[in-house]
Each structure stands twice: as C-alpha cells, then as structure tokens.
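Here is the structure we will look at, set down as structure tokens.
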Amino acid sequence: MRIGIIAALPGELKPLVRGWEQQPSGVKGLNIWKTIRGDHELIAVNGGMGSHAAARSVTAAEFLGALDALISVGWAGALEDRMEIGRCYRPSLVIDVQTGERFSTTDKSTELRLATTPGVVDAAEKQRLQQSYGTSLVDMEAATVARLATMRGIPFYCFKAVSDGRDAQLPDFNLFVNEQGQMKMPAFLAHVVVRPQFWGSLVELGKNSSHAAKAIADQVNDFLNET
Numbered sequence: 057m058r059i060g061i062i063a064a065l066p067g068e069l070k071p072l073v074r075g076w077e078q079q080p081s082g083v084k085g086l087n088i089w090k091t092i093r094g095d096h097e098l099i100a101v102n103g104g105m106g107s108h109a110a111a112r113s114v115t116a117a118e119f120l121g122a123l124d125a126l127i128s129v130g131w132a133g134a135l136e137d138r139m140e141i142g143r144c145y146r147p148s149l150v151i152d153v154q155t156g157e158r159f160s161t162t163d164k165s166t167e168l169r170l171a172t173t174p175g176v177v178d179a180a181e182k183q184r185l186q187q188s189y190g191t192s193l194v195d196m197e198a199a200t201v202a203r204l205a206t207m208r209g210i211p212f213y214c215f216k217a218v219s220d221g222r223d224a225q226l227p228d229f230n231l232f233v234n235e236q237g238q239m240k241m242p243a244f245l246a247h248v249v250v251r252p253q254f255w256g257s258l259v260e261l262g263k264n265s266s267h268a269a270k271a272i273a274d275q276v277n278d279f280l281n282e283t
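Residue numbers (my numbering): 57 to 283.
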C-alpha cells in the first residue's frame with residue numbers, strides 16, 4: 057500500500073520523517089521523503105502553504121507511483137478553548153470555506169470539524185469560523201488533499217495538531233507568503249524585529265509548534281502500525 061503524507065512546512069514533518077530517505081525534488085521549497093514500513097510504502101511531502109501548494113505536493117508524491125491513500129498532516133489553529141495546544145486531533149469532517157464543500161475523512165473516531173481557509177486567520181476570523189461552521193480547528197491545506205483523494209477514489213485521513221490558541225495575537229503572516237506558499241523569511245523577520253509586541257507570542261508559537269509536530273508523528277506512527 058502506497059500512502060502519501062502531505063504537509064505544508066518541513067517543521068510539521070521533521071519528527072515523523074527522521075531516518076527516512078530524502079528524495080530529490082528539483083523544486084525549491086518542495087521536500088520529499090520515502091520509507092518502507094512493513095507492507096506500506098510511505099511518501100511524505102511538504103510543498104508550502106495553501107491549496108495550490110498542497111496540490112503540487114500530492115502530484116510530487118504521485119510521481120513515485122499511484123497512491124492508495126492520502127493523509128493531510130500539519131499544524132492548525134484552535135477555534136475553541138477545549139482544543140489543547142500541542143495536541144494532535146483527527147477531524148472527521150473537513151469544510152472548504154471558499155467553496156462550501158464538505159469532505160468526510162475515512163476515520164470516524166471523532167466528530168471534530170476542521171475548516172480550511174485560503175489564508176492564515178486572526179483571532180476575530182477564528183471566532184467567526186467557529187460560529188458559522190461549528191468547526192474546532194482551522195488550516196489551509198486539508199480540503200485540497202481531501203478533494204484530490206475523493207477524485208481518485210482513495211481513503212483520506214487527517215491529523216492536525218494545535219500550534220496556536222483561539223485568542224493568539226500574531227503578526228499577519230499572509231503578508232509574507234509568496235505565490236508558491238513559502239514564507240518570505242527576510243521580510244518577515246525585518247517586520248517583527250521592530251514590533252516587540254509579537255516577540256513573546258512568536259516564541260510561544262515556536263515551542264507549541266515543536267510539541268505539535270511531535271504529537272503528529274506519534275499519532276501517525278500509531279495509526280500506521282495499526283493499518
């Protein structure tokens with residue numbers, strides 16, 4: 057069984073792909089890892105934030121052969137206080153906020169809903185999403201991965217870990233994401249270095265993201281061992 061594991065950023069995959077073989081991609085910002093585990097061939101790809109980058113990542117995974125299942129993994133924002141920072145969740149429903157499409161995951165172990173948006177959302181938008189859709193988490197890629205799995209008639213799973221709380225006060229990351237879904241780090245750092253009001257929250261985000269990535273790796277590994 058060949059399984060594609062799709063993320064946005066390398067940090068989301070780092071604990072999971074430790075020891076895997078990295079594959080050449082020929083594309084800046086697109087990273088591919090591969091390993092064999094029992095009867096499974098696992099292909100993990102991160103290609104950037106957003107729908108277009110997620111689709112590019114799925115295509116890159118398929119370059120190594122047709123996939124039998126797709127898994128969307130990565131960091132997510134919490135829309136409710138009950139969503140614990142650093143904990144990994146497995147949503148059963150993904151809602152594309154742009155199109156209104158709803159995609160059920162193959163995993164029905166929870167009743168959590170995830171909203172996929174075209175950009176990074178702030179605290180006010182998080183509140184609106186929760187009230188409008190009844191969602192508990194928000195990301196930027198899962199709906200695209202779900203749509204592509206549906207088109208291919210293969211199972212879709214989703215593992216999302218909370219990196220930022222419902223009321224987190226962070227810079228507007230959307231200003232620093234290029235067309236390929238990659239962060240423009242020099243411009244971002246120049247922006248925040250003169251805005252000390254964000255320093256504490258960014259340090260906290262870094263710590264939370266590290267814990268969240270480890271939680272993703274643990275849950276995905278447990279899932280693969282059971283599959």
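Every residue gets a Cβ at the ideal spot worked out from N, C-alpha and C, and that includes glycine. As the structure is a prediction and not an experimental result, all values here were calculated from the model.
Item	Value
Residue 128 versus residue 272: straight-line alpha-carbon distance, rounded	11 Å
Residue 118 in three-state terms, based on DSSP	helix
Three-state secondary structure assigned by DSSP to residue 239	strand
Endpoints, beta strand (DSSP E) assigned at residue 126	125-134
Sub-9 Å separation of residue 136 and residue 148 beta-carbons	no
Euclidean distance between Cα positions of residue 253 and residue 226	9 Å
For residue 79 and residue 70, believed in contact at Cβ under 8 Å, the rounded distance	Not a contact, Cβ separation roughly 16 Å.
Separation of residue 249 from residue 198, as counted between CA atoms	32 Å
Span of the alpha helix (DSSP H), counted from its first residue to its last, around residue 208	198-208
Bridge-paired residues (DSSP) for residue 17	Nothing can be reported for residue 17, as the shown portion of the chain is limited to 57 through 283.
For residue 221 and residue 134, believed in contact at Cβ under 8 Å, the rounded distance	5 Å
Buried or exposed by the 16-neighbour rule on C-beta atoms within 10 Å, applied to residue 228	exposed
Nearest residue (CA-CA) to residue 270, options 58, 57, 68, 60	68
Nearest-angstrom beta carbon gap, residue 217 and residue 132 [assumed within contact, 8 Å]	7 Å
CA-to-CA distance, residue 112 to residue 204, given in whole angstroms	11 Å
Check whether residue 92 and residue 101 have beta carbons under 9 Å apart	no
Simplified DSSP state of residue 272, which is helix, strand or coil	helix
Touching by the beta-carbon criterion (3+ pairs, under 8 Å), the segment 154-168 and the segment 180-188	no
Residue 233 and residue 175 closer than 9 Å at C-beta	yes
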